[in-house]
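Numbering (the working numbering), first residue to last: 16 to 463. Even for Gly, the Cβ is constructed at its ideal location relative to N, Cα and C. Structure first, commentary second.
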Ligand SMILES: Cc1cc2nc3c(=O)[nH]c(=O)nc-3n(C[C@H](O)[C@H](O)[C@H](O)COP(=O)(O)OP(=O)(O)OC[C@H]3O[C@@H](n4cnc5c(N)ncnc54)[C@H](O)[C@@H]3O)c2cc1C
């Protein structure tokens, strides 16, 4: 018996799922096809992780080793729902794992959020990381910017906006992104978090990095550091919180005023409204909050405004529904029991599995997708009795189908070609790589 498995999404969750299944103890052979809507694999590691985080980008090397082993086929530039459907998968495979992640911004329901000059972090990240499906130009006209959110993505966005672009040049940022950032007149980036400094979601490493930015002053405000009992307890009981407290404490002592750019951290600030008109954003309005004694916050009724000309909301990502597959609209995930998809009556949907952010929601680091995949794969292996019965399971049949439909799919060889091409583009300028951005160019370089 040979399990023909389709995995949709070649981000870390999809690649780890394939790897774990191949290493898993089992009584049957396995043949895996990975379908990815982009011409290149690796999901948010390539198109989310910030370009100035080369160590994390380096996880691509580990993912690449999995793909290079030769027992997984990749079909890039293939969109599930358009180029290949659930019926097609049932015709050619015994089961499918969806590992489609989350690419959209979660919504923030405050007046003015749709004004010109108010953006989602996901769009901006996609621009600076060279995602082919997003506009290639980005309006960087604001001198003062608000970033709403207190997670790592908020800090990524604030850092990329505040950092002098020359310091990004050694990274893999696309040429158009460097040019865009160079023209930015920004002087002040304000990050707003609803809760206190000891209740943030970002990690100490990301925070500390901000203090190392050249010619950027870190501004924190004394009024935010009047800790309540819950904050003090958090510092005592959690090492990460302790480190965050120390880092912020050092910044409070620092001399500021000499740098040409400033990055402000405002805590206890609940977003109320983005002010402006059809010509753009003029200010960000928020309510000052205070600790409620239980680790949360409550409003104080004190309303404040900071003049800004752009607002970025970095309050989380959100998954997208997939044709024919159950979807939980509230949480943006495929409803599931440990990775087995569930229908609206909470019954297991045979043959359909989920892993990664589309299974669990958009929280957690790349490493977490590994444990996720283990759980999903252990069910897949045990569920043999309920797999689909494909009419055409042979490996060539799906290739014929894509060819008949005229789908310009890319494969592993194609990705190696694109990879080598990007590295060669970077070489004369002493850069690690220069990313190719337009989809057509990616496909042209990938396909012989
Ligand atoms: C801005 C940002 C920065 C981050 N920085 C870090 C960091 O520094 N360190 C860290 O550990 N983690 C970081 N993360 C988290 C990390 O990116 C995620 O944990 C991880 O990528 C989730 O993996 P995934 O495979 O579930 O989803 P994804 O990485 O999103 O992969 C999903 C893949 O599915 C594909 N896909 C979607 N729909 C379809 C479809 N219909 N048909 C075919 N293919 C489809 C997508 O194109 C994508 O390639 C960051 C996340 C973001 C958003």
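Residue 305 carries a strand assignment under DSSP once its states are collapsed to helix, strand and coil. Fewer than three pairs of CB atoms, one per stretch, sit closer than 8 Å, so the stretch 186-195 makes no contact with the stretch 223-234. Under DSSP, residue 351 takes part in a beta bridge, and its partners are 356. Fewer than three beta-carbon pairs drawn from the stretch 111-122 and the stretch 437-455 are found closer than 8 Å, and the two stretches are therefore not classed as touching. Between the C-alpha atoms of residue 291 and residue 234 there is a straight-line separation of about 26 Å. The criterion of a C-beta distance shorter than 8 Å is not satisfied by residue 329 and residue 349.
At a threshold of 7 Å, residue 425 does not count as near ligand 1, since its beta carbon sits no closer than that to any of the ligand's heavy atoms. For residue 158, no beta strand (DSSP E) segment is defined, and its DSSP state is neither H nor E.
Under the three-state reduction of DSSP, residue 267 is assigned to helix. Between residue 65 and residue 182, the C-beta gap is not smaller than 8 Å, which leaves the two residues out of contact.
Here the alpha carbon of residue 426 sits roughly 16 Å from the alpha carbon of residue 412. Residue range 101-107 is occupied by the alpha helix (DSSP H) that includes residue 102, with no beta strand (DSSP E) assigned at that position. Put simply, of 304, 278 and 222 the residue whose alpha carbon is nearest the alpha carbon of residue 209 is 304.
Using a C-beta cut-off of 8 Å, the stretch 138-152 makes no contact with the stretch 374-389, since fewer than three inter-stretch Cβ pairs fall below that distance.
Secondary structure note for residue 29: its alpha helix (DSSP H) is the uninterrupted segment 27-38.
Straight across, the Cα-Cα distance linking residue 283 with residue 215 is about 11 Å. DSSP places residue 379 in the coil class of the three-state scheme, outside both helix and strand. The stretch 105-120 makes contact with the stretch 18-38, as at least three CB pairs between them are under 8 Å.
By the C-beta criterion, the stretch 80-89 is judged not to be in contact with the stretch 388-408, since fewer than 3 inter-stretch pairs fall below 8 Å. For residue 115, the shortest separation between its Cβ and any heavy atom of ligand 1 lies below 7 Å.
Using a Cβ distance threshold of 8 Å, residue 33 and residue 49 count as a contacting pair. Taking the C-beta atoms as reference points, residue 356 is found no nearer than 8 Å to residue 373. Between the beta-carbon of residue 366 and that of residue 387 there is about 19 Å, and that puts the pair past the 8 Å contact cut.
Cβ-Cβ separation between residue 285 and residue 314: approximately 6 Å, consistent with a contact (criterion under 8 Å). From the listed residues 25, 90 and 57, the smallest Cα separation to residue 417 is found for 90. Short of 6 Å from the beta carbon of residue 157, and not among the five residues preceding or following it, lie these beta carbons of its own chain, in chain order: 324 and 325.
The DSSP-derived three-state label of residue 139 is helix. 311 is the residue among 98, 414, 311 and 431 whose C-alpha sits nearest the C-alpha of residue 213. At the C-beta level, residue 302 and residue 320 stay beyond 8 Å of one another.
Using a Cβ distance threshold of 8 Å, residue 75 and residue 60 count as a contacting pair. Assigned with DSSP and collapsed to three states, residue 128 falls in coil, not helix or strand. Here the alpha carbon of residue 35 sits roughly 10 Å from the alpha carbon of residue 28.
Secondary structure at residue 216: coil, using DSSP grouped into helix, strand and coil. Residue side-chain check: residue 125 keeps its Cβ at 7 Å or more from all non-hydrogen atoms of ligand 1. In the three-state DSSP reduction, residue 122 falls in the coil class, being neither helix nor strand. The closest CA to that of residue 428, considering only 153, 131 and 56, is found on 56.
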